[in-house]
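Visitor: Supplied in structure tokens, the structure appears directly below.
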Amino acid sequence: MTMVWIDLENLSVDYLRNNFLFNPTDIIDGLASAPAYHLIFEALLLIWIVKLLFFTKTFNLAKSDLTEKEKHALIEEWQPEPLIPEVEEENPFGFKNKFTGIPGPTVCINGKEHINLTSLNFLNMIGNKEVEASAIDAVRKYGVGSCGPRGFYGTNSIHLELEENLAKFMNCEEAILYAYGFSTVASAIPAYAKRGDVLFVDEGVCFPVQKGVEASRSCVKYFKHNDMSDLERLLKEQAAEDLKNPRKAKVTRRFFIVEGVYLNYGDICPLPKLIELKYKYKVRLFIEESLSFGVLGDTGRGITQHFNCNMEDVDMVCANLEYAVGSIGGFCCGRSFVIDHQRLSGLGYCFSASLPPLLAAGAITALGIIDSSGDKLENLRSKASSFHQMLESISGVCVISDEISPVKHLMLSKTNGDINGDRLLLQKIVEYCMQNGVAVTQAQYIDQFEYKVPRPRQVPCILCHIQCKLLLLLID
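Following this line, the structure appears as structure tokens:
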């Protein structure tokens, strides 16, 4: 221990006065040497503190001039405003039809049996006995819900099994599972694309993709739907901008955002050309494959298998499990270092309760059926092609979807340019079909939030279990 000795006898009075006693002259000298703006600021600060302490009025919230009788009268008269406005009867988003039972080839609507052309249950996995049995077994083993996000005790072994199976099915290194289809792509895009990055987006992408693009706060450049010439024009313009500022270009990331089969059109993206442009201009490629997953390709592996492209040429694939698989949720797959990033950056993954185990079990079984039953997919494509040719024979409408797409978009051949008028006419066709035992629907869009609202159209969907004789009956 170090000892410090102070010689009190030799301490001078001047030393104590200069170092420890209050000296007004030092303060005066300091004020005189201080800048004027500093003195003004301190003076204003002192005035504000005095005002707060001595001149601020305090209000007694408990004090009221109303009598108890008047208070009770006001309470009885008060009517709270509704949380949401009342829905008008003619609102196109109103729930006028009530579905009961399993949405298979036929469906019960308002108590009447209809041929079902409204469901995206393409392979009839909803109601499949094997899928139901696996879901029931999962309920007995895991219970109904997960009650927690994946990172907070919401991960069960069945979630990991489904992720492993999806990665193997898609020939990828890793897959990540989301609990809600919409949030999958809406979370995945902003997990990678940030402010300052550039997104080249097809103007025909669906609403979840639009929300993901918007959440990224990146510079968005929309190109005409499936128009590779327009896309390359934008790429050349971007390359010219990069030459002007090479330093910024070095840290700017670029992405293609497209869909395998477009939900708003039913047509297929030109993947080989996109891959060519990806390597030519050094752009990352993200594909939303909700409609193509489990449908395109010999074994349902999607757009890459359909065009016989290498999965490594695509940086990330997103898809939901709510169409061909007949479950809930979605997934992303790709290289491990790409997918792992979402486990801390994907908002839908980090902050949403994980997928209920019974739905994960059902998805595992459905995935196995798709993988082992190529005849189901061939049957679906055959019926989609036959239905497409039948629809093309109808006068007054045109089919804009691809021949093998299970979703068909029909538009009026002639339009007077009035969107509302076209919608009313299509709605009359929908109602006529419903009256005759055929369930079809008109495409609905939230006009004020969509980037580009497509022309009004009907959207019949084809299911692999609908008999061909029923399709002929529909056309008649």
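The sequence shown begins at 3 in the numbering used here and counts up by one. Beta carbons: idealized from backbone N, C-alpha and C, even for Gly.
#1: Quick one: Cα of I421 to Cα of K454, how far?
#2: If you drop the 5 nearest sequence neighbours on each side, which residues of the same chain put their C-beta closer than 7 Å to that of C311?
#3: Would you be able to state if there are at least three C-beta pairs under 8 Å between the stretch 314–325 and the stretch 180–190?
#4: Measure the C-alpha to C-alpha separation of K284 and S374 and round it to an integer number of angstroms.
#5: To which residues of the same chain is V263 closer than 6 Å at the C-beta, ignoring the five residues directly before and after it?
#6: On the three-pair Cβ rule with 8 Å, is the stretch 340–347 touching the stretch 203–212?
#7: On the criterion of 16 or more Cβ atoms from any shown chain inside 10 Å, does E78 qualify as buried, or is it exposed?
#8: Measure the Cβ-Cβ separation of F154 and L201 and say whether it is below 8 Å.
#9: If you compare alpha carbons, which of H390, S148, L162 and V260 is closest to P210?
#10: Give the range of the alpha helix (DSSP H) segment to which I77 is assigned.
#11: Count the other C-beta atoms from every protein chain shown that fall within 10 angstroms of the C-beta of M438, then say buried if there are 16 or more, exposed otherwise.
#12: Hey, is the stretch 330–339 in contact with the stretch 121–136, meaning 3+ C-beta pairs nearer than 8 Å?
#13: By the three-class DSSP mapping on this structure, what secondary structure does K196 have?
#14: Could you tell me the alpha carbon to alpha carbon distance between R459 and G106, rounded to whole angstroms?
#15: How far does the alpha helix (DSSP H) with N381 in it reach, from first residue to last?
#16: Is L179 buried or exposed, if buried means 16 or more other CB atoms sit within 10 Å of its CB?
#17: Per DSSP, which one or two residues make a beta bridge with K223?
#18: Going by beta carbon distance, what residues of the same chain come within less than 6 Å of K471, once the five residues before and after it are set aside?
#19: Rounded to a whole number of angstroms, what is the C-alpha to C-alpha distance between D317 and S159?
#20: Buried or exposed for G214, please, with buried defined as at least 16 other CB atoms from any protein chain shown within 10 angstroms of its CB.
#21: Give the straight-line distance between the Cα atoms of L76 and C352, rounded to the nearest whole angstrom.
Guide: For this structure:
#1: One-based indexing of the sequence shown puts residue 421 at position 419. One-based indexing of the sequence shown puts residue 454 at position 452. Computed Cα separation, rounded: 13 Å.
#2: Against the sequence shown, residue 311 aligns to sequence position 309. Around C311: L273, P274 and I277.
#3: yes
#4: Along the sequence shown, one-based indexing puts residue 284 at 282. Along the sequence shown, one-based indexing puts residue 374 at 372. Roughly 37 Å between the two C-alpha positions.
#5: Here the question's residue 263 lines up with position 261 in the sequence shown. I270, L293, S294 and S407, listed in sequence order.
#6: In this structure the stretch 340–347 does not touch the stretch 203–212; the number of beta carbon pairs closer than 8 Å is below three.
#7: Here the question's residue 78 lines up with position 76 in the sequence shown. Looking at its Cβ environment, which holds fewer than 16 other Cβ atoms inside 10 Å, E78 is exposed.
#8: As a working note, residue 154 is residue 152 in the sequence shown. As a working note, residue 201 is residue 199 in the sequence shown. Going by C-beta atoms, F154 is not nearer than 8 Å to L201.
#9: Taking the first residue of the sequence shown as 1, we reach residue 210 at position 208. Minimum Cα distance to P210 is reached at V260.
#10: Stepping through the sequence shown from its first residue, residue 77 is reached at position 75. That run of the alpha helix (DSSP H) goes E70 to E79.
#11: Against the sequence shown, residue 438 aligns to sequence position 436. Position check: residue 438 holds Asn in this sequence, whereas Met was assumed. Per the 10 Å Cβ criterion, exposed.
#12: no
#13: Taking the first residue of the sequence shown as position 1, residue 196 is located at position 194. The answer is coil: DSSP assigns K196 none of H, G, I, E or B.
#14: Locating residue 459 in the sequence shown gives position 457, counting from the first residue. Locating residue 106 in the sequence shown gives position 104, counting from the first residue. So the two alpha carbons sit approximately 23 Å from each other.
#15: As a working note, residue 381 is residue 379 in the sequence shown. Where N381 is concerned, the enclosing alpha helix (DSSP H) stretches over G376 to E394.
#16: Position 177 of the sequence shown, counted from the start, is the residue given in the question as residue 179. L179 should be labelled buried.
#17: For the purposes of this step, residue 223 is taken as residue 221 along the sequence shown, with counting starting at 1. BP columns for K223 point to F202.
#18: As a position in the sequence shown, residue 471 is number 469, starting the count at 1. Note that K471 scores 47 on pLDDT, short of 50, meaning its location in the model is unreliable; the coordinates nonetheless yield the value given after this. Taken in chain order, the list of residues that qualify is empty.
#19: The sequence position of residue 317 within the sequence shown is 315, counting from 1. The sequence position of residue 159 within the sequence shown is 157, counting from 1. One C-alpha to the other measures close to 27 Å.
#20: Counting from 1 along the sequence shown, the entry for residue 214 is found at position 212. Result: buried.
#21: In the sequence shown, residue 76 corresponds to position 74, counting from 1. In the sequence shown, residue 352 corresponds to position 350, counting from 1. Spanning the two alpha carbons is a distance of roughly 46 Å.
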